[in-house]
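Here is the structure we will look at, set down as structure tokens.
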Amino acid sequence: MCAVQKDEKPALILSILKNKCPRCRRGDMFKESNPYKLKTFMRMNERCLVCGQPLDMEPGFYYGTNMVSYALAVLFCVLTFVLWWITIGFSLKDSRFFWWMGINAFLLVALQPPLMRLSRAVWIVFFVPYSPYWKEGDIIEPERVNKEHAGNW
Ligand SMILES: [Zn+2]
């Protein structure tokens, strides 16, 4: 007898970092794979191409990502601060602190596109959990949608 092989569950953090659909953790959330194509990098698939999960759950669904984005930015600043402290250090006698501030600000701006996408991937995980039965179609449908206002947020 051969046992039924269960599909492996992709890791949560990795699937968020790769901007994968939260339900199957396999399909891409975004149409464009390159976050630095600035004209199209935030265009999302209406539904996951692998499992069919809708990715826009209600009007203004992604409005809440500003909180995630803020938290990620603070986390990033703390991280670069600690790294700078360990490697270069801070002193009151020179301008190393201001160099950190400048470089940190530049990095925050430069990393904005992937951070914005990451915020959306984190946000939707709170509302759409992973389903081991993603192949069978237990999709979480949005409660209400307003096509006219899609993409206004
Ligand atoms: Zn999916």
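In numbering that gives the first Met the number 0, the protein residues as written are 0 to 152. Quick reminder that beta carbons are idealized off the backbone N, C-alpha and C, glycines included.
> When DSSP builds the beta bridges, which residues end up paired with P53?
Replying inline: Stepping through the sequence shown from its first residue, residue 53 is reached at position 54. DSSP lists R46 as the bridge partner or partners of P53.
> Of the residues Y62, P112, R25, E57, which one's Cα is nearest the Cα of S130?
Replying inline: Against the sequence shown, residue 130 aligns to sequence position 131. Of Y62, P112, R25, E57, the residue nearest in Cα terms is R25.
>> Give the residues whose C-beta lies closer than 5 Å to at least one heavy atom of ligand 1, in chain order.
In response: Per the Cβ criterion, the list is C20, R22, C23, G26, C47, V49, C50, Q52.
>> Quick check on DSSP: helix, strand or coil for K92?
In response: What you label residue 92 is simply residue 93 of the sequence shown in a count that begins at 1. DSSP places K92 in coil when its eight states are reduced to three.
> What residues in its chain sit with their C-beta under 8 Å from that of M0, if we drop five residues either side in the sequence?
Replying inline: Counting from 1 along the sequence shown, the entry for residue 0 is found at position 1. No answer about M0 holds up, because its pLDDT of 46 lies below 50 and its placement is not dependable.
> Looking at the structure shown, is V73 part of a helix, part of a strand, or coil, going by DSSP?
Replying inline: Mapped onto the sequence shown, residue 73 falls at position 74. V73 falls in the helix class under three-state DSSP.
> Assuming P21 and P128 make a contact with CB atoms under 8 Å, what is their CB distance in whole Å?
Replying inline: As a position in the sequence shown, residue 21 is number 22, starting the count at 1. As a position in the sequence shown, residue 128 is number 129, starting the count at 1. About 7 Å separates the beta carbon of P21 from that of P128, a gap short enough to meet the 8 Å contact definition.
> Can you tell me the Cα-Cα spacing of I15 and F89, whole angstroms?
Replying inline: By 1-based counting over the sequence shown, the position of residue 15 is 16. By 1-based counting over the sequence shown, the position of residue 89 is 90. Approximately 34 Å between the Cα atoms of the pair.
> DSSP on F80, reduced to helix/strand/coil?
Replying inline: Counting from 1 along the sequence shown, the entry for residue 80 is found at position 81. Helix.
> Given a threshold of 16 other Cβ atoms within 10 Å of its Cβ, counted over all protein chains shown, does N18 qualify as buried or as exposed?
Replying inline: The residue labelled residue 18 in the question sits at position 19 within the sequence shown. Classification of N18: buried, given that the 10 Å Cβ count is 16 or more.
> Mind checking L78: buried by the 16 CB within 10 Å criterion, or exposed?
Replying inline: Looking up residue 78 in the sequence shown gives position 79. With fewer than 16 other Cβ atoms within 10 Å, it is exposed.
> What three-state label does DSSP hand K36 in the structure shown?
Replying inline: By 1-based counting over the sequence shown, the position of residue 36 is 37. For K36, the three-state secondary structure derived from DSSP is coil.
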